[in-house]
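Below: one structure, written as structure tokens.
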Amino acid sequence: MTTARRARGEGSISKRNDGRFMGRVTLPSGRVKTVYGRSRSDVAKKLRELLSHADQGIPIPEEDPQLRTFLAGWLTSIEHTVRPTTYRRYEQVVRHDLIPELGATRLSKLNPGHVQRLQAHCSSADSPRRRCTNVHAVLHRALNHAVRWGTSSVTSRPSSTRRG
Numbered sequence: 309m310t311t312a313r314r315a316r317g318e319g320s321i322s323k324r325n326d327g328r329f330m331g332r333v334t335l336p337s338g339r340v341k342t343v344y345g346r347s348r349s350d351v352a353k354k355l356r357e358l359l360s361h362a363d364q365g366i367p368i369p370e371e372d373p374q375l376r377t378f379l380a381g382w383l384t385s386i387e388h389t390v391r392p393t394t395y396r397r398y399e400q401v402v403r404h405d406l407i408p409e410l411g412a413t414r415l416s417k418l419n420p421g422h423v424q425r426l427q428a429h430c431s432s433a434d435s436p437r438r439r440c441t442n443v444h445a446v447l448h449r450a451l452n453h454a455v456r457w458g459t460s461s462v463t464s465r466p467s468s469t470r471r472g
């Protein structure tokens, strides 16, 4: 029985020496993404999801991105789904509050302590209470999107999206 060749851009699947399967696909951005699974069908499903996300404009998560990288992709993905004034406000909160305080933090390392320090900094900076509420709301929405998109480092630590 011969197996049909995969079409151009569908990626490739191979079996590793350790028994797992590995799939690779070149994304439209030119980046090569590798996924692993226990069976060929698992890997094929993961490759289809990656290509689907790329076609929909959803950023493909890195293995463990910094929060600044994730937030930039999140802003890009929601730009045409919210009002222009809402987008400008989100962008302002990300640029002025979230990136300076949490931008270098890896998503897998983000925890309630980081959020508490962010809130303490926000409230001590002689800023109105409304600003602190907006900062927390934007972070909450962004992290909810991370969970929905299946960013592996966020879904493995669901407590990082809850208030402490």
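Here the numbering used here = 1-based position in the sequence shown + 308. All residues carry an ideal CB built from backbone N, CA and C; glycine is no exception.
Along the chain, where does the beta strand (DSSP E) containing residue i start, and where does it finish?
i: residue 416; result: That residue, residue 416, is in no beta strand (DSSP E); it is neither H nor E in DSSP.
i: residue 321; result: 320-323
i: residue 345; result: 340-345
Run through DSSP, which three-state label would residue i get?
i: residue 446; result: helix
i: residue 334; result: strand
i: residue 390; result: coil
i: residue 381; result: helix
Do residue j and residue i count as a contact pair if the criterion is CB distance below 8 Å?
i: residue 355; j: residue 319; result: yes
i: residue 382; j: residue 428; result: no
i: residue 446; j: residue 426; result: no
i: residue 366; j: residue 385; result: yes
i: residue 336; j: residue 362; result: yes
i: residue 373; j: residue 415; result: yes
Could you check the C-alpha separation between residue i and residue j for me, to the nearest Å?
i: residue 401; j: residue 413; result: 17 Å
i: residue 333; j: residue 342; result: 7 Å
i: residue 432; j: residue 375; result: 23 Å
i: residue 430; j: residue 409; result: 10 Å
i: residue 344; j: residue 325; result: 13 Å
i: residue 398; j: residue 339; result: 28 Å
i: residue 353; j: residue 321; result: 11 Å
From what residue to what residue does the alpha helix (DSSP H) around residue i run?
i: residue 402; result: Here residue 402 belongs to no alpha helix (DSSP H), and DSSP marks it neither H nor E.
i: residue 364; result: 348-364
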